[in-house]
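Here the structure comes first, spelled out in structure tokens, and everything after it is commentary.
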């Protein structure tokens, strides 16, 4: 079921969400200091392409991750979170779209605090 869900997700919105993550990741990678943040964006873009069957778990709550999450929230995370929330709102209009809205909400939550998280 997750394969079919991922195919439908990719066609109806996952691709555009991944483009957002890629764009922000490229912007972060322009500076040498932002490369770790950009690499995290590329990981999240991969998750945005196929979120069904994958879970996001917290692996570290260190102070460094907190600082990166705060910087991320200020310089790119809020916009991606809002885009995913709007997507979830439109997907909830039909009953068929509710599982896709749940994936979009998962991505919105991850858009706020991506550091210290791992995709399993």
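Residue numbers (our numbering): 6 to 125.
C-beta: ideal position from N, C-alpha, C; glycine also.
Every value quoted in this text rests on a predicted model; they were computed, and no experiment measured them.
Whole-angstrom distance between residue j and residue i, CA atom to CA atom
i: residue 99; j: residue 37; result: 44 Å
i: residue 68; j: residue 75; result: 11 Å
i: residue 64; j: residue 24; result: 26 Å
i: residue 109; j: residue 72; result: 25 Å
i: residue 88; j: residue 111; result: 12 Å
i: residue 16; j: residue 34; result: 27 Å
Neighbourhood of residue i by C-beta, 6 Å cutoff - its chain only, sequence neighbours within 5 removed
i: residue 62; result: 123, 125
i: residue 41; result: none
i: residue 10; result: 57
i: residue 12; result: none
Beta-carbon proximity list for residue i, same chain, < 8 Å, skipping 5 on both sides
i: residue 97; result: 103, 106
i: residue 7; result: 57, 58
i: residue 60; result: 124, 125
Local conformation of residue i per DSSP, three classes
i: residue 122; result: strand
i: residue 42; result: helix
i: residue 64; result: coil
i: residue 35; result: coil
i: residue 86; result: helix
i: residue 8; result: helix
i: residue 16; result: helix
CB contact flag (residue i, residue j, <9 Å)
i: residue 55; j: residue 26; result: no
i: residue 52; j: residue 43; result: no
i: residue 81; j: residue 46; result: yes
i: residue 120; j: residue 77; result: yes
i: residue 22; j: residue 92; result: yes
8 Å contact criterion, which residue i and residue j should meet: CB distance rounded
i: residue 113; j: residue 83; result: In fact, because the Cβ distance is near 10 Å, the residues do not count as touching under 8 Å.
i: residue 49; j: residue 115; result: 6 Å
Chain-order list of residues whose beta-carbon lies under 7 Å from that of residue i (same chain, five-residue window excluded)
i: residue 117; result: 78, 82, 86
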